[in-house]
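Visitor: After the structure tokens below, expect a handful of questions from me.
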Amino acid sequence: MTDDLRDSLAQWLAAEAAGRDDDADAAFTQAVNAGALAQAAEAPDERRILAAVRRDRRRHRARLAFRRTVTRGAVAALVLASLYASVFIVVPFVGRRAYRAVELGVQVSVWLALAVAEGLDVWAIVWQVAEAAASALATPTFATTLIALEVVGALALYALYRVLSGERESIQ
Amino acid sequence: VETSTRPDEELAAEAAVGSDDACSELVRRYRRPVHALILRLVNDPATAEELVQDAFVKVFAAIDRFDTGRRFSSWMFRIAHNTALDHLRRRAVPLEPLPGSDTAGDCDPSPADRLEQADLKRALDAALAQLRPEYRTAILLRYREGLGYEEIAEALDLPQGTAKTFVHRARKALAADPRLQAWSRPPND
Numbered sequence: 001m002t003d004d005l006r007d008s009l010a011q012w013l014a015a016e017a018a019g020r021d022d023d024a025d026a027a028f029t030q031a032v033n034a035g036a037l038a039q040a041a042e043a044p045d046e047r048r049i050l051a052a053v054r055r056d057r058r059r060h061r062a063r064l065a066f067r068r069t070v071t072r073g074a075v076a077a078l079v080l081a082s083l084y085a086s087v088f089i090v091v092p093f094v095g096r097r098a099y100r101a102v103e104l105g106v107q108v109s110v111w112l113a114l115a116v117a118e119g120l121d122v123w124a125i126v127w128q129v130a131e132a133a134a135s136a137l138a139t140p141t142f143a144t145t146l147i148a149l150e151v152v153g154a155l156a157l158y159a160l161y162r163v164l165s166g167e168r169e170s171i172q
Numbered sequence: 001v002e003t004s005t006r007p008d009e010e011l012a013a014e015a016a017v018g019s020d021d022a023c024s025e026l027v028r029r030y031r032r033p034v035h036a037l038i039l040r041l042v043n044d045p046a047t048a049e050e051l052v053q054d055a056f057v058k059v060f061a062a063i064d065r066f067d068t069g070r071r072f073s074s075w076m077f078r079i080a081h082n083t084a085l086d087h088l089r090r091r092a093v094p095l096e097p098l099p100g101s102d103t104a105g106d107c108d109p110s111p112a113d114r115l116e117q118a119d120l121k122r123a124l125d126a127a128l129a130q131l132r133p134e135y136r137t138a139i140l141l142r143y144r145e146g147l148g149y150e151e152i153a154e155a156l157d158l159p160q161g162t163a164k165t166f167v168h169r170a171r172k173a174l175a176a177d178p179r180l181q182a183w184s185r186p187p188n189d
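Protein chains in written order, with our numbering: chain A, 1 to 172; chain B, 1 to 189.
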């Protein structure tokens, strides 16, 4: 073995010196087969490697479960916020607006009938109606409700984004 | 079907869906070559052992993303190489030869032969330790693991021509090392 190793190393060095690349390749292969580059230490035990792999898988599953819980929490908070907004803000608001719309409808009908009877210009009628509708919608309650819904939606989206980007990092 | 006779890529696909047998077989096949590669890169047996575990952990954490149309060996060696490089980048690891290579395969050599063989291996180890990590990996994958240039290229994430150049340059650099040059003379000189 020693002779093989020494001879093949000498052949390889000679081939390299002479620029014979294929011979150098073959001689170096032979030297490695003769024991050069032999393993200097025992490889780790298979069971230890598998135990480390299993430990990591358990940790990964726990991380995924945590992220799933956080995602579900964020979704639940979003749904609850939406329900709250619907029941206590949107539905009463819509109800009041609907009542006001009916009221306005009646008033507008009466006003239109009087206006037509007195021969008022069509454009003046349209202008009056648009002005009344805009003033009905542009109230502080309506604006506050819209802003509150937008803020809740934006916060929920940001929470979901954080949760999902954390998930992506853990996979990478 | 016996796991030991099946191709790596098939085992990888099974490992991806949670087969413990497939994982065990892949570890059995690659623990030695991966350890040999990492040990040559970090030159410390204790660290190499940890990094081998890390490399397998990374492989099995990402196995569901392994493209079974590619070679598992290249992918495995690539992760092992990168794991060792990450470690080298984090710490300034001294490039020293490994302590005492083993003498596996000897047929009861004489004490003088054993000494000579140990000297030879030490000289080669020392020369190898001076190469840059990519060259060391290229040499080990080519000559120790018997990989083709295409597989080495995949493992090192290089074009095939560059992988071939790496192997060629690494071998030239080894041959030019003064510790090995001493062995180019006949033993009687």
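Backbone N, C-alpha and C fix where the C-beta goes; we use that ideal spot for every residue, glycine too.
I want to see whether chain C comes within less than 7 Å of Arg29/B, judged by CB atoms only; does it?
Guide: Absent from the structure is chain C; the protein chains it does hold are A and B.
Visitor: Which residues in the same chain have their Cβ closer than 7 Å to the Cβ of Cys107/B, if we skip the five residues on either side of it in sequence?
Guide: Only weak support exists for where Cys107/B lies, its pLDDT of 49 falling under 50; the value from the coordinates is given anyway. Hits under 7 Å: none found.
Visitor: Using the rule of at least 16 other Cβ atoms within 10 Å of the residue's Cβ for burial, across every protein chain shown, is Gln11/A buried or exposed?
Guide: By the neighbour-count rule (16 or more Cβ atoms within 10 Å), Gln11/A is buried.
Visitor: Alpha carbons only, please: which of Leu115/B, Ile139/B and Asp67/B is nearest the one belonging to Arg169/B?
Guide: Per the Cα distances, Ile139/B.
Visitor: Whole angstroms are fine: how far does the CA of Leu11/B sit from the CA of Arg144/B?
Guide: The straight-line gap from Cα to Cα measures roughly 23 Å.
Visitor: Which class does Phe66/B belong to by DSSP, given the choice of helix, strand or coil?
Guide: Looking at Phe66/B - three-state DSSP - the assignment turns out to be coil, as it is neither helix nor strand.
Visitor: In whole angstroms, what separates the C-alpha of Glu42/A from that of Arg65/B?
Guide: Those two C-alpha atoms are separated by around 30 Å.
Visitor: Rank Leu9/A, Ala133/A and Asn33/A by C-alpha distance to the C-alpha of Gly146/B and give the top, closest one.
Guide: Looking at the Cα atoms, Asn33/A is the closest of the given residues.
Visitor: When burial is assigned at 16 or more other CB atoms within 10 Å of the CB, is Val52/B buried or exposed?
Guide: Val52/B comes out buried.
Visitor: To the nearest angstrom, how far is the alpha carbon of Ala36/A from that of Ala22/B?
Guide: Straight-line Cα distance between these residues: approximately 32 Å.
Visitor: Is DSSP giving Glu131/A helix, strand or coil here?
Guide: Residue state, collapsed to three classes: helix.
Visitor: On the premise that Leu88/B lies in contact with Leu41/B, defined as a C-beta separation below 8 Å, what is that separation, rounded to the nearest angstrom?
Guide: Right, their Cβ atoms sit about 7 Å apart.
Visitor: Considering only the alpha carbon of each residue, which of Arg171/B, Ser4/B, Asp20/B and Glu134/B lies closest to Arg78/B?
Guide: Checked all of Arg171/B, Ser4/B, Asp20/B and Glu134/B; the closest Cα to Arg78/B is Glu134/B.
Visitor: Which two residues bound the contiguous alpha helix (DSSP H) that contains Arg179/B?
Guide: Pro178 to Gln181 is the span of the alpha helix (DSSP H), which, as asked, contains Arg179/B.
Visitor: By the criterion of Cβ-Cβ separation under 8 Å, what are the contact partners of Thr29/A in chain B?
Guide: Ordered by position in chain B, the residues that pass the 8 Å Cβ test against Thr29/A are Tyr143.
Visitor: Beta carbon of Phe72/B, beta carbon of Asp8/B: below 7 Å?
Guide: In contact: Phe72/B and Asp8/B (Cβ atoms closer than 7 Å).
Visitor: Mind listing the chain B neighbours of Glu46/A? Cutoff is C-beta to C-beta under 8 Å, in chain order.
Guide: Near Glu46/A (Cβ distances below 8 Å), the residues of chain B are Ser24, Val27, Arg28 and Arg31.
Visitor: Report all residues from its chain with a CB closer than 7 Å to the CB of Ala48/B; omit the five preceding and five following residues, and keep chain order.
Guide: Contacts found: His35, Ile38, Leu39 and Val42.
Visitor: Identify the contact partners of Gln130/B in chain A, using a Cβ-Cβ distance below 8 Å as the criterion.
Guide: Ordered by position in chain A, no residue passes the 8 Å Cβ test against Gln130/B, which lies about 15 Å from the chain.
Visitor: Can you tell me which of the three DSSP states Asp4/A falls into?
Guide: Residue state, collapsed to three classes: helix.
Visitor: Could you tell me whether any Cβ in chain A is nearer than 7 Å to the Cβ of Glu49/B?
Guide: Yes, its Cβ sits closer than 7 Å to a Cβ of chain A.
Visitor: Output needed in chain order: residues of the region 49 to 75 of chain B with a Cβ under 7 Å from some Cβ in chain A.
Guide: Within the region 49 to 75 of chain B, the residues whose Cβ lies closer than 7 Å to some Cβ of chain A are Glu49, Val52, Gln53, Phe56, Val57, Phe60 and Ala61, listed in chain order.
Visitor: Is Gly146/B helix, strand or coil by DSSP?
Guide: Coil at Gly146/B, not helix or strand.
Visitor: Which chain A residues sit within Cβ distance under 8 Å of Asp172/B?
Guide: For the record, residue 172/B in the displayed sequence is Lys; it is not Asp. Going along chain A in sequence order, the residues near Lys172/B (Cβ under 8 Å) are Glu16.
Visitor: Since His35/B meets chain A, which of its residues come closer than 9 Å, beta carbon to beta carbon?
Guide: Gln39, Ala41, Glu42, Ala43 and Pro44, listed in chain order.
Visitor: What three-state label does DSSP hand Asn33/A in the structure shown?
Guide: Reduced to three states, the DSSP call for Asn33/A is helix.
Visitor: Closer than 8 Å, Cβ to any Cβ of chain B: which residues of the region 82 to 98 of chain A, in chain order?
Guide: Against chain B - using a Cβ distance shorter than 8 Å - the region 82 to 98 of chain A contributes no residues.
Visitor: Would Leu180/B and Ala127/B qualify as a contact pair, given that the criterion is a beta-carbon distance under 7 Å?
Guide: Yes, Cβ-Cβ distance for Leu180/B and Ala127/B is below 7 Å.
Visitor: Taking Cβ positions only, does Leu191/B come closer than 7 Å to chain A?
Guide: The structure shown does not extend to residue 191/B, since chain B spans only 1 to 189, so no value can be given for it.
Visitor: Does any heavy atom of the ligand FAD sit closer than 6 Å to the C-beta of Ala113/A?
Guide: In the structure on display, the ligand FAD does not appear, and there are no ligands present to speak of.
Visitor: Relative to the C-alpha of Ala133/A, which candidate in Arg55/A, Asp23/A and Ala101/A has its C-alpha closest?
Guide: Closest option to Ala133/A, Cα to Cα, is Ala101/A.
Visitor: Grouping DSSP H, G and I as helix and E and B as strand, with all else coil, what is Glu25/B?
Guide: Glu25/B: helix per DSSP, three-state reduction.
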